[in-house]
Structure formats: C-alpha cells, structure tokens
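**Student:** One structure is given below, represented as structure tokens, and several questions about it will come after.
In the numbering used here, the protein residues as written are 5 to 125.
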C-alpha cells in the first residue's frame, strides 16, 4: 500500500484536570472542533479521593446533538484511593463534552490524559 496518498493526522497531547468543589455537574473537557483539531482520544481517566471520605462519582458525555450519555453512574471511589476508569481508550468526536459529578464536594480530583488529532495534508 502506498501511504503517500493516505491522509495523515497531526496530534498533540494534553491533560484536563478538575477538583470537584461542588456536587453539581462540572465540565472537564470538550473535544476540539473546527478545521484544525477535530477529534480526541482519551487514554486515561484517573479519579482520586483526597478528602478521606468514600464518594460516588458520575461521568457523562454530551454528544453534539445535546444527548447526555452516562459513562459511569455513582461509581464508588474509596477514601484515599485512586482509580483508573478506563480499560480501553475513549474516542470523542468534535464538540463532545465530558462532565463529572461527585456525591460530596471537595473530595475528588479528576485527571484525564488526552491525545487530540487534526487532519494533515
């Protein structure tokens, strides 16, 4: 196969982090949109409980047509524990949004490792 005729992709790595200071849904990441970067692959989602209290965690993805999909619902994070949520990568297309909610404020931190992709020439 002649790869010179295949579309190439440009990538950049980034992290999205948030400390959940309320029990309201909190925005953590939006996949890039536009002519440059237009999709992302989430490689890791770490959730850390650093307040000494077992806390439930919910993670949702909102698609570009505003439909909310629950990825994890009331997932229990033990006191002083760190949990990796993903066993495989999660692909987000342009504009999809990740939000998270904690059952207790000021207990959880979330760190996502992400690779964003743009179409090359």
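Yeah, the Cβ is synthetic: ideal placement off N, Cα and C, and Gly gets one too. Since the structure is predicted, the reported quantities are computational estimates derived from the model, not experimental observations.
1) Quick one: residues in its chain with C-beta nearer than 6 Å to the C-beta of residue 107, no 5 flanking neighbours on either side, listed in chain order?
2) Using the beta-carbon count (16 or more within 10 Å), is residue 83 buried or exposed?
3) How many angstroms separate the CA atom of residue 43 from the CA atom of residue 17?
4) With a threshold of 8 Å on Cβ separation, who are the neighbours of residue 25 within its own chain once the five nearest residues in sequence on each side are excluded?
5) Which whole runs of the beta strand (DSSP E) in the stretch 32 to 117 are 3 residues long or more, in chain order?
**Tutor:** For this structure:
1) If you number the chain shown from 1, residue 107 lands on position 103. Within the same chain, residue 107 has close Cβ partners 59 and 60.
2) If you number the chain shown from 1, residue 83 lands on position 79. Residue 83 should be labelled exposed.
3) Position 39 of the chain shown, counted from the start, is the residue given in the question as residue 43. Position 13 of the chain shown, counted from the start, is the residue given in the question as residue 17. If you take the alpha carbons of residue 43 and residue 17, they lie about 12 Å apart.
4) Working through the chain shown from its first residue, we reach residue 25 at position 21. Within the same chain, residue 25 has close Cβ partners 109 and 110.
5) 41 to 53, 59 to 66, 72 to 81, 86 to 88, 94 to 97 and 101 to 106
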